[in-house]
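Be aware that the sequence shown starts at 9, since it is given in our numbering, and climbs by one per residue. Yeah, the Cβ is synthetic: ideal placement off N, Cα and C, and Gly gets one too. First the structure, in the form of structure tokens, and then the observations on it.
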Amino acid sequence: MIPPPHGGRLVERIASDAVRERRDAELGSLAKVHPFVDQLYDAEKIAIGAYSPLEGFQGPADVRSVLERGRLENDLPWTIPIVLPVPDGAEGAAVADLRSGDQVALLDGRDRALALLTIDERFRLDRRQLARGAYGTEDPAHPNVADILRQGEVAWSGRVELLRRLEPARGRTEPSPRELREEFGRLGWKTVAAYQCRNPPHTAHEYLQRVTLEREEIDGLLVHPVVGRLKSGDYRPEVILDAYDALVRAYYPASRVIVRPLGITMRYGGPKAALFLAIVRKNYGCGAYIVGRDQAGVGKFYDPYAAHRIFDQYDIGVVPLRYEESFFCRRCGWMASEKVCPHGPAERVATSQTRVREALAKGETLPSEILRPEVAEVLRRSDAVLTS
Ligand SMILES: [Zn+2]
Numbered sequence: 009m010i011p012p013p014h015g016g017r018l019v020e021r022i023a024s025d026a027v028r029e030r031r032d033a034e035l036g037s038l039a040k041v042h043p044f045v046d047q048l049y050d051a052e053k054i055a056i057g058a059y060s061p062l063e064g065f066q067g068p069a070d071v072r073s074v075l076e077r078g079r080l081e082n083d084l085p086w087t088i089p090i091v092l093p094v095p096d097g098a099e100g101a102a103v104a105d106l107r108s109g110d111q112v113a114l115l116d117g118r119d120r121a122l123a124l125l126t127i128d129e130r131f132r133l134d135r136r137q138l139a140r141g142a143y144g145t146e147d148p149a150h151p152n153v154a155d156i157l158r159q160g161e162v163a164w165s166g167r168v169e170l171l172r173r174l175e176p177a178r179g180r181t182e183p184s185p186r187e188l189r190e191e192f193g194r195l196g197w198k199t200v201a202a203y204q205c206r207n208p209p210h211t212a213h214e215y216l217q218r219v220t221l222e223r224e225e226i227d228g229l230l231v232h233p234v235v236g237r238l239k240s241g242d243y244r245p246e247v248i249l250d251a252y253d254a255l256v257r258a259y260y261p262a263s264r265v266i267v268r269p270l271g272i273t274m275r276y277g278g279p280k281a282a283l284f285l286a287i288v289r290k291n292y293g294c295g296a297y298i299v300g301r302d303q304a305g306v307g308k309f310y311d312p313y314a315a316h317r318i319f320d321q322y323d324i325g326v327v328p329l330r331y332e333e334s335f336f337c338r339r340c341g342w343m344a345s346e347k348v349c350p351h352g353p354a355e356r357v358a359t360s361q362t363r364v365r366e367a368l369a370k371g372e373t374l375p376s377e378i379l380r381p382e383v384a385e386v387l388r389r390s391d392a393v394l395t396s
């Protein structure tokens, strides 16, 4: 079935057209800040209900509870704090003078007022504690830890009201949880499996998706790539989406798979991030969630199967579909995993993203055991990867 949102009610804090016009007219008298882009994504996700039951950026009590117990103060499972470090500089009023109850406009990179924040608390953020509690490390080699350490030590909590959506990646609009839930209804899907990803698909990904589609309780598959802030070497969002579209067009029944973007900054928090990403997909209406090997991992920071085990510690109302590593086996002549193939590593064709990237960079043609030619064609575009 389509699960209810986390906490039971879908949060929607989006200004109507009339309210937005009024707010825009009043902007001149408000303090304005430019948050780090990650927090713009978060503000939007809070307001459209992707982070239900959160209605705003979290305060010190909730942050402590999340870090210490993996739960909100009200006991709902929640593993990654959603915080807003106070950005440097402001127009209209001195940021340091803003107090509880004051409103501040959150501007995007083009100075559009994306959302209004009503400040609840201004509090000191223990950045090392945040890094350790959410990511299990203070090592700045961890990308999210590096981001935390770069940001300020003071944060604002408070409710968010969205004035307008972020600009979509090259015309690819991003559905809200309400819109996606409605789409599932139109498709007649009751149990939807979400597939979290941040790269174009190779055959090991496709294998997990196919095995999922074979399960009788699954009506449809939502491929939901995270397309937030890019770093050098990342595939561009439209490339990931086009690559998936090519795969779906050529190899999947159109009535069973849809591809939609999710604009958030990826949290590489291993198990805690996997649980957080599953809760987000629950808010979008997915009752099942695919967890592969080393989900949301980075480097060697996490045990590759810790993301499987965390789902035993929490009941979030989403069925985890846990899969081990898959590969192409030359002896089997098929995609396989250790559950169904007795042959050793010598028979396996490595299907890693690294292998795909290296081959494409050298202009090599990859065998279809690793990469579908339709996908390869998209990835060979000259600007597929962000280089600067
Ligand atoms: Zn085999």
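Asked	Found
According to DSSP, which residues form a beta bridge with residue 173?	In DSSP, residue 173 forms no bridge with anything.
Do residue 206 and residue 231 come within 9 angstroms of each other at the CB atom, strictly closer than that value?	no
Going by DSSP in three states, residue 397 sits in which element: helix, strand or coil?	Only positions 9 to 396 of the chain appear in this structure, which leaves residue 397 out of reach.
Return yes when the Cβ of residue 95 is within less than 9 angstroms of the Cβ of residue 103, no when it is not.	yes
For a test of your reading of the model: does the CB of residue 328 fall under 8 angstroms from any non-hydrogen atom of ligand 1? Yes or no.	no
Should residue 355 be counted as a contact of ligand 1 given a C-beta to heavy atom distance under 8 angstroms?	yes
Please indicate yes or no: does the CB of residue 351 lie closer than 8 angstroms to some heavy atom of ligand 1?	yes
In its own chain, which residues sit with a C-beta less than 6 angstroms from the C-beta of residue 248, not counting the 5 before and 5 after it?	208, 233
Distance check for residue 285 and residue 300, CA to CA, integer angstroms please.	13 angstroms
Regarding residue 201 and ligand 1, is the C-beta to nearest heavy atom distance less than 8 angstroms?	no
Would you mind reading off the limits of the beta strand (DSSP E) that contains residue 41?	39–41
Between residue 274 and the rest of its own chain, which residues show a CB-CB distance below 7 angstroms, the 5 nearest in sequence each way excluded?	206, 234, 236
By Cβ distance, which residues of its chain are closer than 7 angstroms to residue 414, with the 5 residues on each side in sequence left out?	Here the chain has residues from 9 to 396 only, and residue 414 is not among them.
Answer yes or no: do residue 292 and residue 185 have a C-beta to C-beta separation smaller than 9 angstroms?	yes
Closer than 7 angstroms by C-beta to residue 7: which residues in its own chain qualify, once you throw out the five before and the five after it? Chain order, please.	Look at the range of the chain in this structure, 9 to 396, and you will see that residue 7 is not part of it.
In its own chain, which residues sit with a C-beta less than 7 angstroms from the C-beta of residue 166, not counting the 5 before and 5 after it?	64, 65, 125, 126, 127, 128
Using only the alpha-carbon positions, how far apart do residue 253 and residue 78 sit?	36 angstroms
Report yes or no: do three or more beta-carbon pairs, one from the segment 153–166 and one from the segment 22–36, lie closer than 8 angstroms?	no
Looking at residue 265: is its Cβ nearer than 9 angstroms to the Cβ of residue 221?	yes
Helix, strand or coil: which one does DSSP assign to residue 301?	coil
Name, in chain order, the residues that DSSP records as bridge partners for residue 114.	41, 123
Under the three-state reduction of DSSP, which class applies to residue 358: helix, strand or coil?	coil
Using C-beta distances below 6 angstroms, list every residue in its chain close to residue 225, excluding the 5 sequence neighbours before and after it, in chain order.	199
Excluding sequence positions up to five away, which residues of its chain have a Cβ less than 8 angstroms from the Cβ of residue 88?	74, 142, 275, 277, 280, 281, 284
Here's a check: name, in chain order, each residue in its chain whose Cβ is nearer than 6 angstroms to the Cβ of residue 289, leaving out the five neighbours to either side.	202, 297
If you count every other CB in all the chains shown that lies within 10 Å of the CB of residue 342, and 16 or more means buried, which is it?	exposed
Please classify residue 118: is it buried, with 16 or more other beta-carbons within 10 angstroms of its beta-carbon, or exposed?	exposed
Relative to the C-alpha of residue 43, which residue among 61, 58, 112, 270 is closest?	112
Counting only beta-carbon separations shorter than 9 angstroms, does residue 75 have a partner in chain B?	In the structure shown, chain B does not exist; there is a single protein chain.
In whole angstroms, give me the CA-to-CA distance for residue 315 and residue 204.	13 angstroms
Who are residue 266's beta bridge partners in DSSP?	230
Going by Cα to Cα distance, which pick from 9, 215, 255, 245 is closest to residue 333?	215
Skipping 5 residues on each side, what residues in its chain have a beta carbon closer than 8 angstroms to that of residue 17?	60, 61
Residue range of the beta strand (DSSP E) that residue 73 falls in?	Looking at the DSSP string, residue 73 is not in any beta strand (DSSP E); the run it does join, the alpha helix (DSSP H), is 68–77.
Can you tell me whether residue 483 is helix, strand or coil according to DSSP?	With the chain covering 9 to 396 only, the question about residue 483 has no answer from this structure.
Within the same chain, show all residues whose beta-carbon is closer than 7 angstroms to that of residue 364, passing over the 5 residues directly before and after it, in chain order.	210, 374, 378, 379
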